[in-house]
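Chains as they are written, first to last, in this note's numbering: chain H, 17 to 132; chain D, 47 to 159.
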């Protein structure tokens, strides 16, 4: 499978615990995006990387959230001191940015986080 | 502020019917408009996309119509099938702003056999 992969697919944690999610993009893609989707809503942008550089973070991304893409390949999203409001599907997408179209972003299956 | 408004929230059609989903945007800087299909428990899958210099685009049974002056675009699903039952999202992005996607609220489509 050469698509975007995410692990774990499901995570149940207790409030106050830290969690980390991993995203492996399509191999030649240099851009990687994180989105959050709550039930019945469209995904919302959190942050994105071009290669290893984090270029933008949304205001949605509080100080408890941190993301890395250390070698420009896979990325991790960590949430510290989880809160019940963090319960959501966390989606990763990747794209090949070459300065011209196409701009297609391909999504992974997501990590469903439940904070109890 | 919701920059992309999608309607209706849900839609029921008979097999062979043509569900039509509409989206309106506010930011005239948007320069890329994709549609995604999402099944329960899965990530969104890219269906078709359009840029504002094109008024219509067809890929298989999916057609996007784009009205730049009205700042509206729509998705038509021709000859709909029960397997098309899913939630559909429109989105928009700006190349110069990193192509981060702004999504509509989604439309749940049910195609009855």
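Glycine included, every Cβ here is placed at the ideal spot set by N, Cα and C.
Please read these numbers as outputs of a predicted model, since none were measured by experiment.
Practice task
Check the Cβ of residue 111 of chain H against every Cβ in chain D and list those closer than 8 Å, keeping chain order.
Solution key: Those are 145, listed as they occur along chain D.
Practice task
Check whether the region 74-92 of chain H touches the region 48-62 of chain D, taking contact to mean three or more Cβ pairs, one atom from each stretch, closer than 8 Å.
Solution key: Verdict: no, contact absent.
Practice task
Check the Cβ of residue 96 of chain H against every Cβ in chain D and list those closer than 7 Å, keeping chain order.
Solution key: Chain D residues near residue 96 of chain H: none, gap ~24 Å exceeds 7 Å.
Problem - Proximity test, Cβ basis, 8 Å: residue 120 of chain H and chain D - result: At a cut-off of 8 Å, the C-beta of residue 120 of chain H has a neighbouring C-beta in chain D.
Problem - Inter-residue Cα distance where the pair is residue 105 of chain D and residue 121 of chain D - result: Take the alpha-carbon of residue 105 of chain D and the one of residue 121 of chain D: they are about 11 Å apart.
Problem - Contact set between the region 33-64 of chain H and chain D, restricted to residues whose Cβ is under 8 Å from the partner - result: Residues are counted here when their Cβ sits less than 8 Å from a Cβ of chain D; for the region 33-64 of chain H these are 47, 49, 51, 56, 57, 58, 59, 60, 61 and 64, given in chain order.
Handout entry: Rounded C-alpha distance that separates residue 34 of chain H from residue 147 of chain D
Key = Those two C-alpha atoms are separated by around 27 Å.
Problem - Alpha-carbon to alpha-carbon, residue 38 of chain H and residue 104 of chain H - result: About 15 Å.
Practice task
Run down chain D in chain order and give the residues with a C-beta less than 7 Å from the C-beta of residue 71 of chain H.
Solution key: Simply 144.
Practice task
Starting from the Cα of residue 106 of chain H, find the closest Cα among H/76, H/114, H/120 and H/43 and give me that residue.
Solution key: Checking every option, the nearest Cα to that of residue 106 of chain H belongs to H/76.
Problem - Straight-line Cα distance separating residue 41 of chain H from residue 133 of chain D - result: Each residue's Cα considered, the two are about 24 Å apart.
Exercise for the section: Answer yes or no: does any C-beta atom of chain H fall closer than 8 Å to that of residue 132 of chain D? Expected result: No, because no Cβ of chain H sits closer than 8 Å to the Cβ of residue 132 of chain D.
Practice task
Provide the residue span of the beta strand (DSSP E) that contains residue 45 of chain H, from first to last.
Solution key: Run containing residue 45 of chain H: none; DSSP gives neither H nor E here.
Practice task
Note the first and the last residue of the continuous beta strand (DSSP E) segment covering residue 119 of chain D.
Solution key: Judged by DSSP secondary structure, residue 119 of chain D falls within the beta strand (DSSP E) whose first and last residues are 118-123.
Problem - CA-to-CA distance, residue 126 of chain D to residue 60 of chain D, given in whole angstroms - result: Counting only the Cα atoms, residue 126 of chain D lies some 8 Å from residue 60 of chain D.
Exercise for the section: Pull up the distance between the alpha-carbon of residue 138 of chain D and that of residue 149 of chain D, whole angstroms please. Expected result: Straight-line Cα distance between these residues: approximately 7 Å.
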